[in-house]
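There are 2 protein chains.
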Amino acid sequence: MMSKMKAILLSIGDELILGQTVDTNAAWLSQRCAALGVKVIEHATIGDDLNLIAATLRRVGGNCDVILASGGLGPTDDDLTRHALAEVLGVELEFNKSAMSRIQAFYDLLKRPMPEANHIQAMIPVGCEVMENTCGTAPGISARIGRAQAFFMPGVPREMFVMFTKCIEQRLQNAGGNVLVTRVLHTCGAGESNIAEMLGDMMVRGRNPLVNSTAQQGLVSLRINAQAPTELAAREMIAPVETALRNRLGKLVFGADEETLSSVVVERLMEMKASLATAESCTGGWIARELTDIAGVSAVYLGGWVVYNNQAKVRDLNVDATVLNQEGAVSEPVARQLAENACKRAGADYAIGVTGIAGPTGGTTQKPVGTVYIAIAGGGSTQVERFIFPGDRDGVRRRTVNYALNLLRLRLIE
Amino acid sequence: MMSKMKAILLSIGDELILGQTVDTNAAWLSQRCAALGVKVIEHATIGDDLNLIAATLRRVGGNCDVILASGGLGPTDDDLTRHALAEVLGVELEFNKSAMSRIQAFYDLLKRPMPEANHIQAMIPVGCEVMENTCGTAPGISARIGRAQAFFMPGVPREMFVMFTKCIEQRLQNAGGNVLVTRVLHTCGAGESNIAEMLGDMMVRGRNPLVNSTAQQGLVSLRINAQAPTELAAREMIAPVETALRNRLGKLVFGADEETLSSVVVERLMEMKASLATAESCTGGWIARELTDIAGVSAVYLGGWVVYNNQAKVRDLNVDATVLNQEGAVSEPVARQLAENACKRAGADYAIGVTGIAGPTGGTTQKPVGTVYIAIAGGGSTQVERFIFPGDRDGVRRRTVNYALNLLRLRLIE
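Line by line, the protein sequences give chains Z and B. Here this note's numbering runs 485 ahead of the position in the first sequence, where the first position is 1. Here this note's numbering runs 485 ahead of the position in the second sequence, where the first position is 1.
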């Protein structure tokens with residue numbers, strides 16, 4: 486087997502280095518490279534600076550086989566990629582007639598006169614290859630730099646995607662390397678390091694498939710990355726690892742790939758032909774929003790109450806005013822009554838009730854900011870759990886949403 | 486004037502280099518650096534590879550004054566940033582007792598035992614400084630590499646934001662060079678090209694301050710970027726441009742910088758001492774969630790109903806069943822009754838009622854997917870507007886949330 490081709494991605498533009506635009510091109514190119522078996526070893530972002538672009542091209546030209554650059558090919562004064570490339574190659578820019586006629590054709594199609602400024606886009610360093618842009622005016626350029634074949638594409642995502650697909654992808658195929666296929670398992674209910682402990686040797690580095698993890702707001706996702714000559718072979722390698730992970734983690738795993746807590750909860754309710762209602766205080770409609778993200782949810786979700794103040798809790802969900810006064814709105818019996826009465830009032834099989842202190846104010850010694858009660862009613866019983874979540878208002882609310890949906894999920898698969 | 490401090494950003498993680506996660510940390514850090522007058526000259530992303538991390542640290546340590554790195558400080562085997570740093574510095578990792586006790590305290594708060602794996606997070610290269618993580622377990626690390634001061638932060642965006650703000654920002658202040666100050670004005674109600682037409686010459690490039698725009702889901706934001714030796718001087722340059730923009734755009738402008746539609750609506754309600762309720766069908770709690778994002782909203786927001794099916798509309802908000810049958814749930818009178826009856830039932834001064842077809846199914850010739858009715862009740866009258874929003878389920882819902890909050894805003898400033 487040939488040695489694996491290594492690529493470096495280069496994103497060029499002041500708007501990127503100033504943070505005014507989030508670079509999505511690099512992630513897109515990385516995924517395409519992975520699918521082609523090309524290993525991306527670095528992604529560098531630099532501004533519209535002639536010397537810096539040239540220095541970076543010289544550096545990376547010695548470190549990889551393929552450079553995939555985007556940006557800096559526009560018609561304005563701050564688009565300097567073609568000048569930097571000419572400098573690195575030690576050649577002049579020359580007028581390319583066929584590139585010019587394609588730019589002209591683009592404007593003809595729009596029935597607009599071509600601005601004078603676009604002439605610069607037909608200036609190509611001597612000896613370089615031109616790649617056609619079918620979605621915009623800037624032609625792409627390909628050249629040899631050091632040991633690398635470099636491809637310069639426009640920075641506009643759509644133009645870049647199409648140029649990569651039409652002009653470059655095929656040249657990277659059969660690059661000798663393996664394809665990388667990734668399967669993601671999502672968990673809720675244990676921290677990242679707890680999961681690492683449970684998995685132990687399964688997360689050792691250097692394996693193929695390789696298992697690694699990422700965490701956010703109470704969710705830990707495990708990625709199984711398999712490298713193999715074909716996608717089918719990679720999937721065959723993933724299958725037993727996925728089974729082993731699921732066996733070790735059991736009910737912690739709630740879904741895979743695009744699945745979310747709300748999508749699996751809704752799917753399970755549909756299988757059971759069971760219905761759901763929600764009663765939210767501190768999350769203020771967020772759980773309802775997550776559920777209604779799922780198309781077709783109306784078959785199982787009957788609706789909910791955002792009972793943000795005490796009057797609403799009493800008026801709409803019949804929470805006992807005496808209990809409210811004695812125990813406080815953030816308490817076990819209030820969460821319980823919210824869930825049980827939401828069930829009754831909506832005629833639902835299950836209901837979620839949540840009440841808590843999202844902060845930043847409102848905390849006490851007994852009930853600090855982050856104190857949350859989550860109740861799941863239905864199937865003849867009600868379960869209420871108390872949590873103290875870390876983080877700010879947004880973090881507490883987000884974790885509450887995740888944990889509430891997860892408690893419901895666990896109830897539904899009992 | 487001191488020469489301007491140069492920074493290189495480093496994002497570390499296989500999930501980034503594989504394109505599985507879009508890196509938002511770099512854009513965030515770039516913006517903060519710009520505001521501090523620190524010039525970001527490069528942003529490099531690399532995978533969890535010990536040798537590559539070490540080689541990159543050596544390279545960039547010679548090219549800049551500040552390294553801002555994120556990622557690779559987790560508790561698992563693929564978190565190698567601290568090992569790479571130790572290698573570059575030529576020192577060992579040593580156990581840091583106070584870092585350990587903070588990690589322990591984090592688990593105590595969660596009432597969970599600390600897994601063995603987290604011990605590695607208290608291992609710090611000899612001679613390095615520890616930066617406290619108040620949102621997670623991974624402590625940050627600071628060290629001198631070449632001529633650069635390097636700061637290593639967790640990759641989890643929230644943990645990184647807080648650590649940068651608490652431990653690093655102050656050390657980068659007074660770094661010399663022009664500062665870039667950006668003021669953002671947010672608008673709702675006109676498209677990006679309409680706004681560009683209204684502004685004309687004010688958006689010409691190469692100016693200082695420079696005005697540019699970004700658009701998403703019915704909101705267009707205008708950035709006024711000013712460069713000057715001091716923040717004060719930059720703000721003085723921005724002020725007249727902001728006034729001119731506001732004069733041209735009038736009520737289209739709803740806020741600036743961190744303000745959101747929900748924050749300005751809540752603020753206005755507080756000024757007016759007026760209260761609000763919500764009744765949502767297609768947005769399923771999203772408007773309520775946006776409102777309850779705002780700390781202190783309980784002073785004005787009385788709560789809401791997620792009336793996702795017809796029974797809930799009739800039962801909770803007294804929508805006329807005959808009208809529902811004759812006109813359909815997505816209709817002018819149903820939106821009107823939702824808002825008016827939410828007002829009455831909650832005893833609120835104002836209420837929002839929304840009903841629509843978010844898709845992907847449910848559309849008809851008369852009422853295609855994207856058809857939405859938004860009603861604002863209060864102040865003695867009810868206004869109902871019909872829209873047909875473009876986009877998928879998520880886009881239709883998001884636009885509905887924005888337009889509903891904007892219609893309420895316009896009502897409140899009448």
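All C-beta atoms in this analysis are idealised placements derived from N, C-alpha and C, irrespective of residue type, glycine included. These figures come from a predicted structure and were not determined experimentally.
Trp790/Z has Ala764/Z and Trp790/B as its beta-bridge partners, per DSSP. Using a C-beta cut-off of 8 angstroms, the region 754 to 772 of chain Z makes no contact with the region 723 to 739 of chain Z, since fewer than three inter-stretch Cβ pairs fall below that distance. Ranking Gly504/Z, Lys489/Z and Ala519/Z by CA distance to the CA of Leu501/B puts Ala519/Z first. Annotation: Cβ neighbours of Val792/Z in chain B (cutoff 8 angstroms, chain order): Gly788. Any Cβ of chain B closer than 7 angstroms to the Cβ of Leu503/Z would place that residue at the interface, and such an atom is present. Taking C-alpha positions only, Asp550/B is separated from Ala492/B by approximately 6 angstroms.
In this structure the region 741 to 749 of chain Z does not lie against the region 740 to 750 of chain B, because fewer than three pairs of beta carbons, one per stretch, are closer than 8 angstroms.
Non-local C-beta neighbours of Tyr786/Z in its own chain, meaning closer than 6 angstroms and more than five positions away in sequence, comprise Leu761 and Leu776, ordered along the chain. Within chain Z, the residues whose beta carbon sits less than 9 angstroms from that of Gln516/B are Leu503, Gly504 and Gln505, listed in sequence order.
Ala797/B has a beta carbon lying within less than 7 angstroms of a beta carbon in chain Z.
A direct Cα-to-Cα measurement between Arg690/Z and Ile709/Z gives close to 12 angstroms. At a cut-off of 7 angstroms between beta carbons, Val738/Z makes no contact with chain B. Taking a Cβ-Cβ threshold of 8 angstroms, the residues of chain B close to Glu527/Z are Ile502, Ala529, Thr530, Ile531, Leu537 and Thr541, in chain order. Here Gln822/B is buried, its C-beta having at least 16 other C-beta atoms within 10 Å. Shown here for Gln589/B: same chain residues with a beta carbon closer than 6 angstroms to its own, the five before and five after excluded, namely Met599 in chain order. Distance from the Cα of Ala607/Z is smallest, within the candidate group Ala806/Z, Leu558/Z, Ala539/Z and Asp563/Z, for Leu558/Z. The beta-bridge partner set that DSSP reports for Arg883/Z is empty. Take Phe580/B, set aside five residues on each side of it, and the residues of its chain with a beta-carbon closer than 7 angstroms to its own are Ala607 and Met608, in chain order. At the C-beta level, Ala820/B and Gly838/B come within 7 angstroms of one another.
Nearest neighbour of Leu578/B by Cα position, chosen from Gly612/B, Gly504/B, Lys596/B and Arg774/B, turns out to be Gly612/B. Here the alpha carbons of Ala628/B and Arg878/B stand approximately 48 angstroms from one another. Going by beta carbons, Leu704/B and Phe636/B fall outside the 7 angstroms limit. Boundaries of the alpha helix (DSSP H) around Arg733/B: Glu716 to Leu734. DSSP lists Tyr835/Z and Ser866/Z as the beta-bridge partner residues of Gly863/Z.
Contact residues of the region 604 to 633 of chain Z toward chain B are absent (C-beta to C-beta distance below 9 angstroms).
Per DSSP, the unbroken beta strand (DSSP E) holding Pro610/Z starts and ends at Met608 to Pro610.
Our two residues, Thr840/B and Met688/B, have alpha carbons roughly 38 angstroms apart in a direct line.
Contact with chain B is absent for Ala729/Z, since none of that chain's Cβ atoms lies less than 7 angstroms from the residue's Cβ. Per DSSP, reduced to three states, the secondary structure at Val804/B is coil, with no helix or strand assignment.
Distance check between Gln851/B and each of Leu565/B, Ile873/B and Gln702/B places Ile873/B closest, using alpha-carbon atoms only. In the three-state scheme derived from DSSP, where H, G and I count as helix and E and B as strand, Phe739/Z is classed as strand.
Counting only runs of 3+ residues, the beta strand (DSSP E) found wholly inside the region 539 to 594 of chain Z occupies 551 to 555 and 578 to 580, in chain order.
Here DSSP, grouped into helix, strand and coil, assigns Glu744/Z to coil. The continuous beta strand (DSSP E) containing Ser496/B extends over residues Lys491 to Ile497. Legend: CB atoms of the region 641 to 655 of chain Z lying less than 7 angstroms from CB atoms of chain B are not found in any residue. About 32 angstroms separates the Cβ atoms of Arg517/B and Gly770/Z, ruling out a contact at the 8 angstroms cut-off.
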